[in-house]
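Enquirer: Okay, here's the structure, questions in a sec.
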Amino acid sequence: MKYEKIQAPKGVREYLPPESTAFEWVREQLIAPARLAGYQLMELPVFEDTNLFSRGVGESTDVVSKEMYTFEDRGGRSITLRPEGTAGVMRAVIEQNLDRGQLPVKVWYSGQYFRAERPQAGRYRQFYQVGIEAIGLDDPAIDAEVIAIAYQGFKKIGLKNFTLQITSLGDAPSRAAHRADLMKFYKTLNLDEATAARAEVNPLRLFDDKRPEMIAAMANAPLLLDYLSLDASDNFKKVQSYLSAMNIEYTINPRMVRGLDYYTGTTFEFVHSDLGAQSGIGGGGRYDGLMEILGGQPLSGIGFGLGVDRALLAAIAEGVLPSDSFTSDLFIIPLGESAMTSALTIASELRNAAITTEIAFGDRALKGAMKAADKSGARYVVVLGEAELQAGSVELKRMEDGAVTSVKIEQLSRELGSLLSAQRN
RNA sequence: GUGGGCGUAGCUCAGCUGGUAGAGCACUCGGUUGUGGUCCGAGAUGUCGCGGGUUCGAGCCCCGUCGUUCACCCCA
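Quick note: the first sequence uses my numbering, first residue 11, plus one each step.
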């Protein structure tokens, strides 16, 4: 009887060796600037009460209306796999009263998110994001810092072919005035049914249409930036001047549209040029009403989410991944039973000294073991047999050029330590 | 959700107008005693994604299905 193979669910992206090394590296680069800015880790559940997203992210969004993984748990509760990160953070902040302490609350997070979309290049049903949130203060300087942290993450990877686009969605009065005019405007256009329906829910979406005729039709549409109140406009100018002071290049894109309903004020997006249709590698913005909608105090916040999968694709496209992939420092080849015992002991000691050590397992012939050592990329190799155990010393072979030095077994850690540190400098 | 491309050994692929499968790389072993990379030799591996149909006969044709990929849509 042969069992059928089981496949991974549609559209999930897995990272296996050796690619996983690159994935991990990219994720670390994206997080590093947040850590350096004093943001602290928040580990949250991947599933939440469905209401969190329908209320927080917005019923009218595509994310909520047709892309959520929603199911009933055994207690009859409606549960949803998180499609984004901000709502969960806000829920936890409110629930655990983090907003009762000093503000802003500054947190970062990293994990997988789920959207039931048709998979495509750079678009998966389970994808990885890192993000930060700064909650509780409405200060344009925070907006600028948050943007800068995202920017630095991409720079740290070594990416060049991306642009930062910013805009302001203003405050509530700004948006209301603009929306009214935009509604009037689009009614003068001859829209097909689906497009008109979308416009009815959120007319801003019309700016995101890629069809050339729509882009042309929208050329004279009223822009939200022209409707900003004095406060909002002043705020946006400050954000810009802070960004300039930090030498962060940006372009103002008054037609930028974000897919989540909670955004207000400063909004931004990072777009990479080498990725095909799914070119957004990160984005975020301020959200004035979110916390209150979720039952908390009326505090404002700002944050971003960066796509780790897409950042990795961008890094590959630009060829900026570091080439020195994982290689171990030492490969021990034990010959025989007692040698294996010693090998395990020695390896433990070396690892305690932070020397990456592998062992040739499986009782294979010496030649085969040497090949395995070679393929592992190990810098040094040691053969451990009866003779070596008797003598208490081994021949340390440098794989690069085959040079051999005799080293006492108890000196191995010290000797390797100095050889390796010399090599790294 | 809509549309196009693709699905043959672990990987990249070939397979002519239908006659029951091949290459390169990788892998394992060997080229006499305990030392890798090159070279030489030998070897293992496929329900040709899955299910139906047409046919004397299908990897090649048809239908369905699953997966994948690209685009729309949407977004990270």
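Beta carbons: idealized from backbone N, C-alpha and C, even for Gly.
State buried or exposed for Glu105, treating a residue as buried only when at least 16 other CB atoms are found within 10 Å of its CB.
Expert: Indexing the first sequence from 1 puts residue 105 at position 95. Exposed.
Enquirer: Please report the Cβ distance between Thr367 and Ile342, rounded to the nearest whole angstrom; I am assuming they are in contact, meaning their Cβ atoms lie under 8 Å.
Expert: As a first step, residue 367 must be located in the first sequence, where it is residue number 357. As a first step, residue 342 must be located in the first sequence, where it is residue number 332. Confirmed, about 7 Å.
Enquirer: Residues in its own chain within less than 6 Å of Val249 by CB, not counting five upstream and five downstream?
Expert: Within the first sequence, the letter at position 239 stands for residue 249. Once the five neighbours on either side are set aside, the close Cβ partners of Val249 are Pro150, Asp153, Ala154 and Thr276.
Enquirer: Could you check how far apart the C-beta atoms of Lys170 and Gln39 are, in whole angstroms? I think they sit under 8 Å.
Expert: The residue given as residue 170 occupies position 160 in the first sequence. The residue given as residue 39 occupies position 29 in the first sequence. Contact flag wrong, Cβ pair sits at about 14 Å.
Enquirer: Under 6 Å from any heavy atom of the ligand MN, does the C-beta of Ser178 make it?
Expert: Judged by which ligands are present, the structure shown has none, so any question about the ligand MN falls away.
Enquirer: Bridge partners for Asp59 per DSSP, in chain order?
Expert: By one-based count along the first sequence, residue 59 stands at place 49. The partner list for Asp59 (beta bridge, DSSP) reads Ile89.
Enquirer: Which first and last residues belong to the beta strand (DSSP E) in which Ala324 is found?
Expert: Stepping through the first sequence from its first residue, residue 324 is reached at position 314. Careful: Ala324 lies outside any beta strand (DSSP E), inside the alpha helix (DSSP H) at Val318 to Glu328.
Enquirer: In three-state terms, what does DSSP make of Gly346?
Expert: Position 336 of the first sequence, counted from the first residue, corresponds to residue 346. If DSSP states are grouped into helix, strand and coil, Gly346 belongs with coil.
Enquirer: Pick helix, strand or coil for Leu205, following the three-state DSSP scheme.
Expert: As a working mapping, residue 205 is identified with position 195 in the first sequence. For the record, residue 205 in the displayed sequence is Thr; it is not Leu. In this structure, Thr205 counts as helix in the three-state DSSP scheme.
Enquirer: Note down the Cα distance separating Glu94 from Asp236, rounded to an integer number of angstroms.
Expert: Translated into the one-based positions of the first sequence, residue 94 becomes position 84. Translated into the one-based positions of the first sequence, residue 236 becomes position 226. Their backbone Cα atoms lie some 30 Å apart in a straight line.
Enquirer: Let me confirm a value: Gly317 is counted as buried when at least 16 other C-beta atoms fall within 10 Å, else exposed. Which label applies?
Expert: Numbered from 1 along the first sequence, position 307 holds the residue referred to as residue 317. Classification for Gly317: buried.
Enquirer: Excluding the 5 residues flanking Val22 on each side, which residues of the same chain have their C-beta closer than 7 Å to its C-beta?
Expert: The residue you call residue 22 lines up with position 12 of the first sequence. The residues are Tyr134, Arg135 and Gln136.
Enquirer: Determine the contact status of Val404 and Glu398, defining contact as a CB-CB distance below 7 Å.
Expert: Looking up residue 404 in the first sequence gives position 394. Looking up residue 398 in the first sequence gives position 388. Yes, Cβ-Cβ distance for Val404 and Glu398 is below 7 Å.
Enquirer: At what residues does the alpha helix (DSSP H) containing Gly163 begin and finish?
Expert: Residue mapping note: residue 163 aligns to position 153 of the first sequence, counting from 1. Pro150 to Ile167 is the span of the alpha helix (DSSP H), which, as asked, contains Gly163.
Enquirer: Would you kindly report the start and end of the unbroken alpha helix (DSSP H) that includes Tyr252?
Expert: As a working note, residue 252 is residue 242 in the first sequence. Residues Leu240 to Ala255.
Enquirer: Under 8 Å by Cβ, that's how I've got Ile303 and Arg65 pegged, so tell me the actual separation to the nearest angstrom.
Expert: Counting from 1 along the first sequence, the entry for residue 303 is found at position 293. Counting from 1 along the first sequence, the entry for residue 65 is found at position 55. With 8 Å as the limit, Ile303 and Arg65 qualify as a contact, their Cβ atoms being about 6 Å apart.
Enquirer: To the nearest angstrom, report how far apart Gly286 and Asp59 are at their CA atoms.
Expert: For the purposes of this step, residue 286 is identified with residue 276 of the first sequence, where counting begins at 1. For the purposes of this step, residue 59 is identified with residue 49 of the first sequence, where counting begins at 1. So the two alpha carbons sit approximately 34 Å from each other.
Enquirer: Helix, strand or coil: which one does DSSP assign to Met11?
Expert: Taking the first sequence and counting its residues from 1, the one referred to as residue 11 is at position 1. Confidence in Met11 is poor, its pLDDT being 42 and thus under 50, which makes the residue's placement unreliable; the coordinate value appears in the next sentence. Here Met11 sits in coil by DSSP.
Enquirer: Arg408 by DSSP, collapsed to three states: which one?
Expert: Along the first sequence, one-based indexing puts residue 408 at 398. Three-state result, Arg408: strand.
Enquirer: Tell me the residue span of the beta strand (DSSP E) that contains Tyr196.
Expert: On the first sequence, residue 196 is found 186 positions in, with the first residue counted as 1. First-last for Tyr196: Ala182 to Lys197, but that is the alpha helix (DSSP H), not the beta strand (DSSP E).
Enquirer: Give me the DSSP bridge partner(s) of Phe124.
Expert: Counted from its first residue, the first sequence places residue 124 at position 114. BP columns for Phe124 point to Gln136.
Enquirer: Alpha carbon to alpha carbon, how far is Gly180 from Asp244? Give it in angstroms, no decimals.
Expert: Translated into the one-based positions of the first sequence, residue 244 becomes position 234. Translated into the one-based positions of the first sequence, residue 180 becomes position 170. Approximately 10 Å, taken between the alpha carbons.
Enquirer: Cutting at 8 Å between CB atoms, please list the residues of its own chain near Ile225, excluding the five before and the five after it.
Expert: On the first sequence, position 215 is the one that residue 225 refers to. Correct list, in chain order: Asp219.
Enquirer: Counting C-beta neighbours from all protein chains within 10 Å, is the total for Phe280 16 or more, i.e. buried, or is it exposed?
Expert: Within the first sequence, the letter at position 270 stands for residue 280. By the 10 Å Cβ count, Phe280 comes out buried.
Enquirer: Compare the C-alpha of Val56 against each of Ile258, Tyr119, Gly111 and Ala432 and name the closest.
Expert: If you number the first sequence from 1, residue 56 lands on position 46. With distances taken between Cα atoms, Val56 lies closest to Tyr119.
Enquirer: Quick one: what's Thr276 bridged to in DSSP?
Expert: As a working mapping, residue 276 is identified with position 266 in the first sequence. For Thr276, which the question treats as bridged, DSSP gives the partners Ser178.
Enquirer: CA-CA distance, Asp271 and Gly68?
Expert: Along the first sequence, one-based indexing puts residue 271 at 261. Along the first sequence, one-based indexing puts residue 68 at 58. Whole-angstrom Cα-Cα distance: 5 Å.
Enquirer: Is the distance from the Cβ of Val117 to the Cβ of Gln175 below 7 Å?
Expert: As a first step, residue 117 must be located in the first sequence, where it is residue number 107. As a first step, residue 175 must be located in the first sequence, where it is residue number 165. No, these two residues do not count as a Cβ contact at 7 Å.
Enquirer: Just mark Gly85 as buried or exposed, buried being the case when its beta carbon has 16 or more other beta carbons within 10 Å.
Expert: For this step, residue 85 is matched to residue 75 along the first sequence. It counts as exposed.
Enquirer: Do you know how far the Cα of Asp109 is from the Cα of Ser184?
Expert: By one-based count along the first sequence, residue 184 stands at place 174. By one-based count along the first sequence, residue 109 stands at place 99. If I take the Cα positions, the gap works out to 28 Å.
Enquirer: If I measure Cβ to Cβ from Asp437 and keep anything under 7 Å in the same chain, skipping five residues before and after, which residues do I get?
Expert: Given a span of 11 to 435 for the chain in the structure shown, any question on residue 437 remains unanswerable.
Enquirer: Going by DSSP in three states, Arg37 sits in which element: helix, strand or coil?
Expert: Stepping through the first sequence from its first residue, residue 37 is reached at position 27. It is helical.
Enquirer: Out of Val156, Ala131 and Gly132, which has the shortest C-alpha to C-alpha gap to Glu143?
Expert: Here the question's residue 143 lines up with position 133 in the first sequence. Nearest C-alpha to Glu143: Val156.
Enquirer: If you follow the beta strand (DSSP E) that Ile365 is in, where does it begin and where does it stop?
Expert: Counting from one through the first sequence, the residue named residue 365 turns up at place 355. Note, Ile365: premise wrong, no beta strand (DSSP E); not H, not E.
Enquirer: Quick one: using the 10 Å Cβ neighbour count with 16 as the cut-off for buried, is Ser358 buried or exposed?
Expert: Mapped onto the first sequence, residue 358 falls at position 348. Result: exposed.
Enquirer: Per the DSSP calculation, Ala144 is bridged to which residue(s)?
Expert: As a first step, residue 144 is located in the first sequence; it is residue number 134 there, counting from the start. In the DSSP output, where bridge partners are listed per residue, Ala144 has Lys116 and Ile312.
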